[in-house]
Every structure is written in structure tokens, then in C-alpha cells.
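The structure appears below as C-alpha cells.
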Amino acid sequence: MRPNIIYLNSHDTGRWISPYGYAAPTPRMQRFAEQGIVFRHAFSASPTCSPSRAALLTGRWPHEVGMLGLSHRGFSLTDPTEHLSHVLGRSGYRTALAGVQHVSEDPALLGFDEILPVDSHSAVDVGPVAAQFVSGEHEEPFYLEIGFIETHRRFPEPGPQDDARYLRAPAHLPDSPETREDMAGYSASVRRLDDAVGAVLDAVDRAGIADHTLVVCTTDHGPAFPGMKCTLTDGGLGVMLMMRGPGIRSGTVSDALVSQLDLFPTLCEFAEVPAPEGLRGTSLAPVLEDEEATLHDAVHAELTYHVDYEPQRSVRTERFAYVRAFRALDHRILEHTDAGPSKDYLVDRGWGDLAPETEMLFDLQLDPAETRNLVDDPAYGDVLVEMRARVETWMRETDDPLVRGPISPPPGANVIGGPPRAG
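Position one of the sequence shown corresponds to residue 1 (UniProt numbering), numbered consecutively onward.
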């Protein structure tokens, strides 16, 4: 029997949930983690929404599928039929979408048999609709994509459980009343997310289909705090990735270096569907069978457009992270940090006036917070040469248009910078 597949995805959560050791109110996701496998070192292909999601759902790099920026700002998939929903639908799966997808301005292009009506993209509204779908009668295996706007800003008003006095913002940010209040908003948002995830999982259990339903829970990229989302750091690219389903042992934790691009071939294996040609990921099957197994010696990521043009490429190994910027800036692009108290706190103290570095190398074992740039340290000269070569080779092998020079936005794109527009 081919399993049902449920793909749960959130906005801007990174790994900031309790299964990854953070003080987040996520008991349902904690329970889910304990029922399956947790990937401690999973990374997205991009620290921005649409490119990350497009990569996961096509199994290819954003620059290979046309998604170099945000879908609501004029970027789109070159070939929507490469989307996972089309691939599974052609093989006999019933496909449905509940909530956010953020890959196409017209979700009908993505191949879903059903787009479930929801009052909003909040977990409060999406969760019950998705749970109702799960509880229905299903004559064929289904693929259900469930997208929540949480934990995207603006955050909901904190409740009594989200007491800022006893919270702590991410460690790279100052511990101040402003950042603690910001974290209280995140706490309220992730609580909503957790409740909705729990409602869907409860529906799976009540329907008696848990034994033949694969559930994947992840997010698009890091949290919307300064120095995280929209940066090619662990804070921007590190994502929660948890799976539960047939053949997956409970209580499993893997330290393997994995990419969200690995999900597409993995889901094809579970669905008994031939993997399309050109996929860039590797099936997670070896890690699902042996939590000590390794999959990659490096993972890559990219940033091109968000609100403005900020082309960067990166590679990360177990020990080192390397980032190269292809546009020199004399100040931060503040539009690439979402509005909120933490941003205001830093901007008021001159953070926006600091020029980003154009090349960065970090030793993640000695400097996991990525604070000491080693590009000019002669002791790391050989490492720098190797990491530069990794990025350059990857860009050439995947026909990254950035190799040929600055990338123009598509005609009509709503961005505020970049080279002259195409067309």
C-alpha cells in the first residue's frame, strides 16, 4: 500500500521549537518529534520564502527553476509541472492544498486536485480545514500540502502564557526589554502553529491511518529576526525537519548534514514514483534506516532577490561555512529584515549603517555563532581556497545565471534594486 503523504510547513520558524532545545511552547511538535526522526542539521536552499519552497517542491535549485525572488513580487516557476503535486498526481495520488503555498500567484498551476477553501492562512483557520480533509473517506492515497502563515510577522498579541519577562531572544541579539517583548510575540505565534499541527496529527490518529501516512514537518527558513531570515547563515538557513511514518523508528535523531532538496527524491521513494530526471537532492533513506549514516559532505544555498537585489551564494560543510556576495554594499538593506522591536532596537543604535562583508568564512566548531570572519586569517588559507572552489564549481555545474553576471528581474517584478530589467 502506498502511503498517504502530509507535508506540514510553516513560515519563518527555523529550528526555534522545543525538539531543537529551544524554550518554545510546542508540546505537540515535541510529541511528533519523539514519534519519528528529527534532523538536527537540515538546511533550506534559500533564506527567503518562495525560493526555498520552490526548491523543496521541485527538487532543484531556485536558480534552475526561475524562482530567484518572491512569487508575489513577480517571480515564478519556469515549469510549474515540475511541482511535487503534479508528479504525485500523475502517479495516482489525490492532491490537495490547505493554506499557504507561496510558490505561484495562481495555485491552480501547481496541479492540485483540490484547493481547500480557508478563511485565512492562519493556523487557526487552516488547521481545522486540513484536519477535516484527513478525516474524510479516501479511495486512493492522498498528498496533502498544509501551509501556515505562522510564524511570519506580524505576530499575534502575546497571551498570559507568553510573558516577556521570562523569555530570551536568539542569543546573537541583545537581551533587552524590546527583544524580550518581540520574543513574546513569536511565542504566541508558534503556540498557534503547534496547536494546528496537533489538530492535524489528531485527525490522522482518529482516522486510523497513522500506520500508512508519512508526515513531514518543516519550515521555509530561519525566524524573522535580525541576522536570521534573509541571511546565508545557520540562523537563516537552518530549518526544523521532522518525519513520522511507515518504517521510521520513533525517537530517532540524526546529525547528518541534509538539505530540503533531499525531500523530493525521498517522497518519490515512499510513493513508489520514479524520480524525475535532474533532481539535485539525495534520498534520505540511508539516514532513515541508520541514524548514524551520512548523506552529504556539503550543502549549498543561495539568495538573489527579496525586496531588493542581494546576490549571494554559499556552501556549508560539517566544520566550515562560506558565503560570497556578488554585490558590494555600503550599508545593510534594511528591507530584508522584517519590521519589529528587535530590528528597531538595532537600527536605533546604528546597525543599518554597517556595511555587509562581501566574503565570509566561519569555523563552525570553534565559532558556531558565525561571528569571526576568517577570510583574512592565513591559517585558514587552504580552507578558503577549497570553499571558494566548491561554490564556483556548484554554480557552473548547475548553470547558475550569476556566473554570467548580474541577474535582471523579470518584467514587472516589484523589486527596488538590481541591474536593468529583462525584456
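A virtual CB, placed ideally from N, CA and C, is assigned to each residue, including glycine.
Quick caveat, the model's predicted, so the values are computed rather than measured.
Tell me the DSSP secondary structure of residue i in three-state form.
i: residue 423; result: Below a pLDDT of 50, predicted positions are generally treated as unreliable, and residue 423, at 49, falls in that range; the measurement from the model is reported next regardless. Residue 423 falls in the coil class under three-state DSSP.
i: residue 8; result: strand
i: residue 27; result: helix
i: residue 99; result: strand
i: residue 133; result: helix
i: residue 318; result: coil
i: residue 18; result: helix
i: residue 425; result: Nothing in the structure corresponds to residue 425, since the chain is present only between 1 and 423.
i: residue 69; result: coil
i: residue 199; result: helix
i: residue 332; result: coil
i: residue 143; result: strand
i: residue 312; result: strand
i: residue 173; result: coil
i: residue 259; result: strand
i: residue 300; result: strand
i: residue 323; result: strand
i: residue 224; result: coil
i: residue 392; result: helix
i: residue 345; result: helix
i: residue 44; result: coil
When you compare only the Cα positions, how much space is there between residue i and residue j?
i: residue 91; j: residue 282; result: 21 angstroms
i: residue 423; j: residue 185; result: Residue confidence for residue 423 is low, a pLDDT of 49 falling below 50, so the modelled location carries little weight; the figure read from the coordinates is stated next. Approximately 43 angstroms between the Cα atoms of the pair.
i: residue 20; j: residue 318; result: 18 angstroms
i: residue 255; j: residue 130; result: 31 angstroms
i: residue 114; j: residue 84; result: 14 angstroms
i: residue 350; j: residue 339; result: 16 angstroms
i: residue 173; j: residue 354; result: 16 angstroms
i: residue 314; j: residue 145; result: 29 angstroms
i: residue 223; j: residue 336; result: 12 angstroms
i: residue 66; j: residue 123; result: 29 angstroms
i: residue 10; j: residue 35; result: 20 angstroms
i: residue 428; j: residue 331; result: The structure shown does not extend to residue 428, since the chain is modelled only from 1 through 423, so no value can be given for it.
i: residue 33; j: residue 162; result: 23 angstroms
i: residue 408; j: residue 419; result: 5 angstroms
i: residue 139; j: residue 1; result: 12 angstroms
i: residue 285; j: residue 399; result: 28 angstroms
i: residue 189; j: residue 22; result: 15 angstroms
i: residue 392; j: residue 229; result: 24 angstroms
i: residue 416; j: residue 347; result: 20 angstroms
i: residue 271; j: residue 244; result: 15 angstroms
i: residue 176; j: residue 260; result: 34 angstroms
i: residue 15; j: residue 203; result: 25 angstroms
i: residue 221; j: residue 378; result: 33 angstroms
i: residue 276; j: residue 359; result: 35 angstroms
i: residue 213; j: residue 26; result: 22 angstroms
i: residue 201; j: residue 250; result: 15 angstroms
i: residue 116; j: residue 329; result: 43 angstroms
i: residue 171; j: residue 137; result: 47 angstroms
i: residue 367; j: residue 112; result: 44 angstroms
i: residue 374; j: residue 181; result: 34 angstroms
i: residue 323; j: residue 211; result: 42 angstroms
Assuming the contact rule is C-beta atoms closer than 8 angstroms, residue i and residue j should be a hit. Round their C-beta distance to whole Å, please.
i: residue 384; j: residue 361; result: 5 angstroms
i: residue 263; j: residue 56; result: 6 angstroms
i: residue 427; j: residue 309; result: As displayed, the chain neither begins before 1 nor continues past 423, which places residue 427 out of reach and without an answer.
i: residue 158; j: residue 187; result: 7 angstroms
i: residue 103; j: residue 54; result: 5 angstroms
i: residue 325; j: residue 370; result: Wrong, their Cβ atoms sit about 15 angstroms apart, outside the cutoff.
i: residue 29; j: residue 194; result: 5 angstroms
i: residue 280; j: residue 59; result: 6 angstroms
According to the Cβ coordinates, are residue i and residue j closer than 9 angstroms?
i: residue 77; j: residue 48; result: no
i: residue 342; j: residue 169; result: yes
i: residue 217; j: residue 8; result: yes
i: residue 288; j: residue 248; result: yes
i: residue 95; j: residue 43; result: no
i: residue 258; j: residue 295; result: yes
i: residue 121; j: residue 12; result: no
i: residue 298; j: residue 388; result: no
Taking the alpha carbon of residue i as the point to measure from, which residue in the options has its own alpha carbon closest?
i: residue 305; options: 72, 209, 241; result: 72
i: residue 125; options: 115, 113, 109, 98; result: 98
i: residue 397; options: 334, 326, 300, 409; result: 300
i: residue 196; options: 183, 150, 336; result: 150
i: residue 405; options: 89, 46, 215, 311; result: 311
i: residue 327; options: 260, 357, 346; result: 357
i: residue 237; options: 412, 219, 245; result: 219
i: residue 156; options: 192, 166, 23; result: 192
i: residue 87; options: 231, 171, 265, 381; result: 265
i: residue 199; options: 379, 128, 182; result: 128
i: residue 133; options: 250, 233, 209, 392; result: 209
i: residue 119; options: 13, 137, 292, 148; result: 148
i: residue 292; options: 38, 24, 18, 4; result: 38
i: residue 81; options: 413, 107, 215; result: 107
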